[in-house]
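Visitor:
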């Protein structure tokens with residue numbers, strides 16, 4: 015699919031504003047408290063991150079398919095994971111595993127100085143990059159690679175977010191956390207749990223948050 019940047023900019027200005035604000039209000043009612051996160055949700059045109067045929071559902075609090083067997087996460091989960099990353103203050107840099115549509119990336123880019131995002135499916139990464147450019151979000155670096163391996167050359171990271179579920183926590187991601195860094199990650203296969211893992215020196219402290227449902231974090235890359 016070819017993404018027309020001028021068309022995207024027109025769609026941003028034409029549809030987002032009020033819809034994003036209403037979505038943010040819904041998420042506040044669902045328990046999201048961080049005002050920075052809610053403001054980022056309110057400003058973000060979620061409809062440009064979904065297939066046009068599903069644009070009418072873009073501001074519903076639901077996950078939607080984006081092709082290649084992937085989904086754009088439910089807005090509540092996007093907001094919740096972002097809020098958890100910011101619970102101890104705004105990190106200077108965030109590693110995102112699983113760029114997908116780029117919607118979660120766009121939220122993170124409004125909350126930190128630098129986002130590093132890894133995606134294994136090249137076509138999804140290409141589309142996400144152009145959406146972010148159309149939104150004038152230029153503090154995101156992208157890599158086509160295996161999310162299980164993270165992005166070692168840019169480590170350490172103060173925060174890491176994983177938007178697909180591995181069956182166990184990838185060791186490489188733990189190693190790429192800075193001291194006091196936070197990893198927010200869904201883990202499991204049939205039953206998945208959202209976890210926060212905080213690094214304290216060579217120790218890793220784990221906290222379970224809630225049951226979730228994500229697509230699997232598949233190793234390797236796709237062209």
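Residue numbers (the working numbering): 15 to 237. Ideal Cβ placement from N, Cα and C applies to all residues, glycine included. Bear in mind that the values here come from a model prediction, so they are computed numbers and not experimental data.
Which residue wins for smallest C-alpha separation from residue 45, given the options 78, 71, 89?
Guide: 89
Visitor: Taking DSSP as the reference, what is the three-state secondary structure of residue 23?
Guide: Unreliable placement is indicated for residue 23, whose pLDDT of 49 sits below 50; the coordinate value is still reported in the next sentence. It is helical.
Visitor: Does DSSP put residue 119 in a helix, a strand or coil?
Guide: helix
Visitor: Should residue 61 go down as buried or exposed, given a rule of 16 or more other Cβ atoms within 10 Å for buried?
Guide: With 16 or more Cβ atoms within 10 Å of its Cβ, residue 61 is classed as buried.
Visitor: Excluding sequence positions up to five away, which residues of its chain have a Cβ less than 8 angstroms from the Cβ of residue 83?
Guide: 229
Visitor: How is residue 79 classed by DSSP in three states: helix, strand or coil?
Guide: For residue 79, the three-state secondary structure derived from DSSP is strand.
Visitor: Check whether the region 167 to 179 touches the region 96 to 112, taking contact to mean three or more Cβ pairs, one atom from each stretch, closer than 8 angstroms.
Guide: yes
Visitor: Do residue 116 and residue 134 have their beta-carbon atoms positioned less than 8 angstroms apart in this structure?
Guide: Pairing residue 134 with residue 116 gives a Cβ-Cβ distance that is not under 8 angstroms.
Visitor: How would you label residue 218, buried or exposed, when you count the other beta carbons within 10 angstroms and need 16 or more for buried?
Guide: With fewer than 16 Cβ atoms within 10 Å of its Cβ, residue 218 is classed as exposed.
Visitor: Measure the C-alpha to C-alpha separation of residue 121 and residue 200 and round it to an integer number of angstroms.
Guide: So the alpha carbons of these two residues sit roughly 18 angstroms apart.
Visitor: Note down the Cα distance separating residue 183 from residue 164, rounded to an integer number of angstroms.
Guide: 12 angstroms
Visitor: Relative to the C-alpha of residue 104, which residue among 150, 174, 68, 144 is closest?
Guide: Nearest option by C-alpha distance: 174.
Visitor: Runs of 4 residues minimum, wholly inside the region 96 to 158: which ones carry the alpha helix (DSSP H) assignment?
Guide: 117 to 123, 136 to 148
Visitor: How should residue 36 be labelled, buried or exposed, when 16 other C-beta atoms within 10 angstroms of its C-beta is the threshold for buried?
Guide: exposed
Visitor: Could you spell out where the alpha helix (DSSP H) holding residue 51 opens and where it closes?
Guide: 49 to 57
Visitor: Thinking residue 233 and residue 162 are a contact (beta carbons under 8 angstroms), I'd like their distance in whole angstroms, please.
Guide: 5 angstroms
Visitor: Would residue 209 be called buried (16 or more neighbouring beta carbons within 10 Å of its own) or exposed?
Guide: buried
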